[in-house]
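Colleague: Handing you this structure, nothing more for now.
Here it is as structure tokens:
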């Protein structure tokens, strides 16, 4: 065969291969990649009525009801490292003619309070329930405190007897977690 | 050296579409390895021997819908914005693919009756994953902007396998028009993992009248991960023990399977030929060292409902948090299963029709001036079809090509391939013979080689063989 043509064809292919390269790219930008998912998660809900303020063990009335739940997700390493902001939304509907004070106390493993949210709720009625919406926005130092928590104590306090009062307090809540990973 | 490194590394960085489409090698009779793409390909020589470990190396890596440049290109636009743009330009049918083959042994000979026998051993790595679109959106953005949206588990579809293949085949010209070929294969799986055919959805919805603001639901989940050969490797401990175990599996020590390739070449007219092949009709039977994980069920989560029980001194409240975890585990248990399973190989289909023209020549003899009236057309054009079965749907590629022989020394093939994602794929293959020595190289998407970061479809195959004719 014609040797120059032979060499020309091979040279062309070899040149294609060996002159190939990556241009106009900057792979160091990988360091700037930030995942920033925003997660919506349900939080605590409850309904409290007259019967909840009587101790069935002792038969005595009580002005404070308390419950505790573990909440270890806040203490997970990825949350401690990557959570930048948390926004709690509490929606309360009070159809009872009595006011409430709702406290959310975030405790660390030594049962020390690291963060606290208190929401006063005015008295309502069955015909016209009192609607309370509370948004707790937590960031910077608040996030550092919040992510030390491993359990939550909820106190719902009434100022006087619930006896002979109809209606109930209903809470629904959610959290929006803003991550930067 | 820099360019050489780039040339080698670029496929790793960037860019392939149909990892197993070897449109340049297909029906390239000058290259013995074309028998692996169509066992009915006519071989011109009497014997061939591949240089061990060098007779075929092919590597593909890439994606169907995104190139390295799309994300890492120099730009004033923030890289996270570009990733978001790329995310929304993809869909659940986009995929990422890695395919690598290394031929360990290759040989062939023609017997006195004209049957060409061939065999060998090659190692193959094949990783294929669809873009898990819904879950990528969830990971990148979260569910906040997607309340009510269904995130489908079916979007998780991935297979990965490393295996060796022992094969032996033959082709024979049945009559003046028809040549048939077949190849038997024994697969020896080194490791395999897959998760396909998953079902179910995850949603976060606002439901009027429900207990809490949202209801998080996993509905009818049915997610399976099958693995084979992985557990024992992770238990093997040292790198040397792992290497020894993997080496034993290369030589038929792994889970075995059987397969067959079929091919045909039909001479419609003197200058018109149709070909077709079915590659990897077979399966691997995973019977040992298997471990599969199955999660099935439905679960609803409304948050934590506090009950404010009246407690005696020292009495603790309900374990709400662990109850949530326990309820999830009860509703969607993850079972670990060690039973056998069968994994079908991805079936490949090739077909072509070609038209020969120019002068005829006998390529076994140097006939640079084409004075002889040989058997083969010096030039040909053709159309090829490639299809491969993948978990969700088959993929297709269409190729037009021009091939020309330059005497006995050189054969070249220029291809233009179009598929779902690329309409600008030009490929080129060259095979050269010098005495008994044969070298070939095939590169894809050569228009992108000036900056392969922008390519989505690049491939490379090369190898060295000895081709021997009795009359030389």
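Protein chains in written order, with this note's numbering: chain R, 602 to 782; chain D, 7 to 478.
Quick reminder that beta carbons are idealized off the backbone N, C-alpha and C, glycines included.
If you're wondering where the values come from, they're calculated on a predicted model, not measured in any experiment.
(1) Tell me, which residues are paired with residue 115 (chain D) by DSSP?
(2) Hey, does residue 458 (chain D) have any beta-carbon neighbour from chain R nearer than 8 Å?
(3) Answer yes or no: does any C-beta atom of chain R fall closer than 8 Å to that of residue 149 (chain D)?
(4) Using 8 Å as the limit for Cβ to Cβ distance, is residue 646 (chain R) near chain D?
(5) Is the beta carbon of residue 653 (chain R) less than 8 Å from the beta carbon of residue 751 (chain R)?
(6) Would residue 715 (chain R) pass as an interface residue toward chain D - the criterion being a Cβ-Cβ separation below 8 Å?
(7) In the DSSP assignment, the beta strand (DSSP E) including residue 660 (chain R) goes from what residue to what residue?
(8) Which one or two residues does DSSP pair with residue 204 (chain D) in a beta bridge?
(9) Should residue 463 (chain D) go down as buried or exposed, given a rule of 16 or more other Cβ atoms within 10 Å for buried?
(10) Quick check: residue 563 (chain R) and residue 781 (chain R), are their CB atoms within less than 8 Å of each other?
(11) Quick one: which residues of the region 305-319 of chain D get their C-beta closer than 9 Å to a C-beta of chain R? List them in chain order.
(12) How about residue 354 (chain D) and residue 386 (chain D): do their beta carbons lie closer than 8 Å?
(13) At what residue ranges does the region 651-721 of chain R contain a whole run of the alpha helix (DSSP H), taking only runs of 4 or more?
(14) Skipping 5 residues on each side, what residues in its chain have a beta carbon closer than 8 Å to that of residue 700 (chain R)?
(15) Might you give, ordered along the chain, the residues of its own chain that have their beta carbon closer than 7 Å to the beta carbon of residue 377 (chain D), omitting 5 neighbours on each side?
(16) Could you run through the region 83-94 of chain D and flag, in chain order, every residue whose CB is less than 8 Å away from some CB of chain R?
(17) Return the chain-ordered list of same chain residues with a C-beta closer than 6 Å to the C-beta of residue 362 (chain D), the five sequence neighbours on each side being excluded.
(18) My output table needs one value for residue 240 (chain D): the three-state DSSP class, helix, strand or coil.
(19) Please list, in chain order, the residues of the region 656-678 of chain R that have any C-beta partner in chain D closer than 9 Å.
(20) Please report the Cβ distance between residue 641 (chain R) and residue 777 (chain R), rounded to the nearest whole angstrom; I am assuming they are in contact, meaning their Cβ atoms lie under 8 Å.
(21) Is there a Cβ of chain R sitting closer than 8 Å to that of residue 141 (chain D), yes or no?
(22) Measure how close the beta-carbons of residue 124 (chain D) and residue 38 (chain D) come, nearest whole angstrom, since I'm counting them as under 8 Å.
(23) Would you list the one or two residues that DSSP bridges to residue 362 (chain D)?
(24) Residue range of the alpha helix (DSSP H) that residue 299 (chain D) falls in?
(25) Just how far apart, CA to CA, sit residue 623 (chain R) and residue 70 (chain D)?
(26) Look up residue 194 (chain D) in the DSSP assignment and give the residues it is bridged to.
(27) Inspect the beta-carbon positions of residue 264 (chain D) and residue 283 (chain D) and report whether they are closer than 8 Å.
(28) Quick one: does residue 683 (chain R) have its CB under 8 Å from some CB of chain D?
(29) Taking the alpha carbon of residue 345 (chain D) as the point to measure from, which residue in D:279, D:233, D:467 and D:42 has its own alpha carbon closest?
(30) So who's on the other strand from residue 152 (chain D), going by DSSP bridges?
(31) Just reading off the alpha helix (DSSP H) that residue 93 (chain D) is part of, what are its end residues?
(32) Which word fits residue 56 (chain D), buried or exposed, when buried means at least 16 other C-beta atoms lie within 10 angstroms of its C-beta?
(33) The region 194-212 of chain D: which residues have C-beta closer than 7 Å to a C-beta of chain R, in chain order?
(34) Determine the DSSP secondary structure at residue 253 (chain D), reduced to helix, strand or coil.
(35) How would you call residue 369 (chain D), buried or exposed, if buried means at least 16 neighbouring beta carbons within 10 angstroms?
(36) For residue 399 (chain D), does the three-state DSSP call read helix, strand or coil?
Modeller: Quick look at the numbers:
(1) Residue 115 (chain D) has D:53 and D:123 as its beta-bridge partners, per DSSP.
(2) Yes - at least one Cβ of chain R is within 8 Å of the one on residue 458 (chain D).
(3) Yes, its Cβ sits closer than 8 Å to a Cβ of chain R.
(4) Interface flag for residue 646 (chain R) against chain D is set, since a Cβ pair is found closer than 8 Å.
(5) No, they are not a contact pair.
(6) Answer no: the Cβ-Cβ gap between residue 715 (chain R) and chain D never drops below 8 Å.
(7) Here residue 660 (chain R) belongs to no beta strand (DSSP E), and DSSP marks it neither H nor E.
(8) In the DSSP output, where bridge partners are listed per residue, residue 204 (chain D) has none listed.
(9) Here residue 463 (chain D) is buried: its Cβ has 16 or more other Cβ atoms, across all protein chains shown, within 10 Å.
(10) Residue 563 (chain R) is absent from the model: chain R starts at 602 and stops at 782.
(11) With the criterion set as a beta carbon lying under 9 Å from some beta carbon of chain R, the members of the region 305-319 of chain D are 307, 308, 309, 310, 311, 312, 313, 314, 315, 316, 317 and 318, in sequence order.
(12) At a Cβ-Cβ threshold of 8 Å, residue 354 (chain D) and residue 386 (chain D) do not count as neighbours.
(13) As far as the region 651-721 of chain R is concerned, its whole alpha helix (DSSP H) runs of at least 4 residues are 678-683.
(14) 721, 722, 723, 724, 759 and 760, listed in sequence order.
(15) With a pLDDT of 44 at residue 377 (chain D), under the threshold of 50, the modelled position of that residue is not reliable, and the figure given next carries that caveat. Nothing listed; no residue qualifies.
(16) Cβ contacts with chain R: 84, 85, 86 and 89.
(17) If we look at residue 362 (chain D) and ignore the five residues flanking it on each side, its Cβ neighbours are 277, 383 and 386.
(18) Three-state DSSP puts residue 240 (chain D) in a helix.
(19) Against chain D - using a Cβ distance shorter than 9 Å - the residues of the region 656-678 of chain R are 656, 657, 658, 659, 663, 666, 667, 668, 669, 670, 671, 672, 673 and 674.
(20) Contact between residue 641 (chain R) and residue 777 (chain R) holds, with the beta-carbon distance rounding to 6 Å and staying under 8 Å.
(21) Using a Cβ-Cβ cut-off of 8 Å, residue 141 (chain D) does not count as an interface residue toward chain R, since no Cβ of chain R sits closer than that to its own.
(22) The Cβ separation is near 7 Å, so the contact holds.
(23) Beta-bridge pairing by DSSP links residue 362 (chain D) to D:386.
(24) Taken as a continuous stretch (DSSP letters only), residue 299 (chain D) belongs to no alpha helix (DSSP H), being part of the beta strand (DSSP E) at 296-307.
(25) The C-alpha of residue 623 (chain R) lies about 19 Å from the C-alpha of residue 70 (chain D).
(26) Answer by DSSP bridge pairing, in chain order: D:170 and D:262.
(27) The answer is no: Cβ separation not under 8 Å.
(28) Chain D contact via Cβ: absent.
(29) Just measuring C-alpha positions, the residue of D:279, D:233, D:467 and D:42 sitting nearest residue 345 (chain D) is D:233.
(30) BP columns for residue 152 (chain D) are empty, so no partner.
(31) Going by DSSP, residue 93 (chain D) is part of the alpha helix (DSSP H) stretching over 85-95.
(32) Around the beta carbon of residue 56 (chain D), a 10 Å sphere encloses 16 or more other beta carbons of the protein chains shown; the residue is thus reported as buried.
(33) Result list: 210.
(34) In the displayed model, residue 253 (chain D) falls within a helix according to three-state DSSP.
(35) At residue 369 (chain D), the pLDDT of 49 sits below 50, so the modelled position is not reliable; the number obtained from the coordinates is stated separately. A residue is called buried when at least 16 other Cβ atoms come within 10 angstroms of its Cβ; residue 369 (chain D) meets this threshold and is buried.
(36) Three-state DSSP puts residue 399 (chain D) in coil, outside helix and strand.
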